[in-house]
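Below is one structure, written out as structure tokens; comments come after it.
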């Protein structure tokens, strides 16, 4: 069908369904010479199939793209975040990550001509760090949730992104942000607590031998690509300085912190949907060096319990897709065509695409511990990580990826 009076051509805009209308806000249009960002609002009426441009009263958001929108039970619309840039001088642009929040409120409900008004919101609580590429979905109990995203750090000639895999909830009734925290499976905690109590009661007056205080625990999660490149996420959790009696709530927190949880790796532009209080998360992307990595895994989590993520569809390394700049593509094409025959001798082993290619990595000796294996082969894995991430990757990140690759190979070999 055709309908006149709609918004101009654009991308990066957002749309929500609200009271038999589709409300569209923002976006940008870029040509070869210039670009423009929008902060206009249009409504598409589902009953009449007609467009109308809204003129809300009050001061609204600055022009932007990539924001997120959510509807309230009252039929209002919350708009959060976004990105825009402006030209500072010729060929020099400055980007802005927006972290403000606005409410587009419908006034005069029931009247022939519905009016709208902008109100700036100043939520309390713990707000999400600045980011773009995050995803939003409607959650139970009059809440919206935010997942993931990326914060780009711009340097002179490069942009490096820090990706997120956290959840934040926005309580629309209380106008408050708070982070979502996993509690861990309750059944396991109760069994452990009952076991401790039974042990203490059975010991009577005898002193029960207690385990030594736990030191820092490092949790490492990797996503391994077909060519051996690894995206690694590390978290160090400090153990208690001395053994002491802990409350039940402290035990729950510790049990949850020290357990190695299953969770989605950090990513941006994931798709979210909530059904019967369960959040489903699919896909997204992250970057390693100058490569963009497209994901196709599927997770779910019960938002009422917030105990643990469940993996519904695991990532298939053979289906992973790397997107990179043309120069890198050309280099990779040459490498794949040569089947590992034209590269330097020191990196020929990891480029092999034979089924036995993994055996050409430094083998694990019998009874060799992971720390000993890493110390013996670290330089090999650093060279492998550097060849995959490119010469512009920072040494710190290269070292992290190298250690994660070595750890993955070690665990697969023992």
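Numbering (the numbering used here), first residue to last: 11 to 424.
No residue lacks a Cβ here, since even glycine has one placed at the ideal position from N, Cα and C.
Helix, strand or coil at residue i [DSSP, three-state]
i           : result
residue 379 : coil
residue 182 : coil
residue 387 : helix
residue 295 : strand
residue 414 : helix
residue 398 : helix
residue 54  : strand
residue 191 : coil
residue 313 : coil
residue 163 : strand
residue 272 : coil
residue 84  : coil
residue 26  : strand
residue 102 : strand
residue 137 : coil
residue 95  : strand
residue 393 : helix
Beta-bridge partners of residue i, as assigned by DSSP
i           : result
residue 129 : 113
residue 143 : BP columns for residue 143 are empty, so no partner.
residue 284 : 289
residue 420 : Its beta-bridge partners do not exist; DSSP assigns none.
residue 319 : Beta-bridge pairing links residue 319 to no other residue.
residue 124 : Answer is none; residue 124 lacks a bridge partner.
residue 308 : 292 and 323
residue 409 : Note: residue 409 sits in no beta bridge, so no partner.
residue 157 : 145 and 177
residue 67  : 127
residue 35  : 24 and 51
residue 60  : 55
residue 16  : Residue 16 pairs with nothing; no bridge assigned.
residue 171 : 162
residue 75  : 93
Backbone CA spacing between residue i and residue j [nearest angstrom]
i           : j           : result
residue 19  : residue 30  : 23 Å
residue 317 : residue 324 : 19 Å
residue 95  : residue 72  : 11 Å
residue 337 : residue 322 : At residue 337, the pLDDT of 45 sits below 50, so the modelled position is not reliable; the number obtained from the coordinates is stated separately. Rounded to whole angstroms, residue 337 to residue 322 spans 36 Å at the Cα level.
residue 141 : residue 50  : 23 Å
residue 157 : residue 376 : 43 Å
residue 401 : residue 391 : 15 Å
residue 280 : residue 148 : 15 Å
residue 428 : residue 193 : The requested residue 428 does not occur in the structure, where the chain is confined to residues 11 to 424.
residue 105 : residue 159 : 16 Å
residue 410 : residue 102 : 33 Å
residue 57  : residue 403 : 54 Å
residue 292 : residue 92  : 21 Å
residue 138 : residue 144 : 10 Å
residue 125 : residue 116 : 6 Å
residue 189 : residue 134 : 12 Å
residue 83  : residue 28  : 10 Å
residue 52  : residue 294 : 28 Å
residue 313 : residue 75  : 29 Å
residue 22  : residue 379 : 50 Å
residue 44  : residue 38  : 11 Å
residue 374 : residue 412 : 16 Å
residue 69  : residue 47  : 17 Å
residue 282 : residue 371 : 39 Å
residue 425 : residue 88  : Residue 425 is absent from the model: the chain starts at 11 and stops at 424.
residue 399 : residue 114 : 44 Å
residue 388 : residue 406 : 14 Å
residue 195 : residue 17  : 48 Å
residue 79  : residue 179 : 14 Å
residue 187 : residue 423 : 45 Å
residue 319 : residue 307 : 12 Å
residue 40  : residue 170 : 23 Å
Supposed close pair residue i, residue j - CB separation, criterion 8 Å
i          : j          : result
residue 36 : residue 77 : 6 Å
residue 59 : residue 11 : 6 Å
residue 26 : residue 81 : 5 Å
Legend entry - the stretch 369 to 387 contacting the stretch 415 to 423, beta-carbon criterion three pairs below 8 Å: yes
Inset, instruction - Would you be able to state if there are at least three C-beta pairs under 8 Å between the stretch 393 to 400 and the stretch 271 to 290? - result: no
Inset, instruction - Give a yes or no on contact between the stretch 125 to 136 and the stretch 102 to 113, applying the rule of three or more CB pairs nearer than 8 Å. - result: yes
Inset, instruction - Answer yes if the stretch 59 to 72 comes into contact with the stretch 149 to 159, meaning at least three C-beta pairs across the two stretches below 8 Å, and no otherwise. - result: no
Inset, instruction - Evaluate the contact criterion for the stretch 174 to 187 versus the stretch 275 to 284: three or more CB pairs, one atom per stretch, below 8 Å. - result: yes
Legend entry - Contact the stretch 296 to 306 vs the stretch 178 to 185: 3+ CB pairs below 8 Å: no
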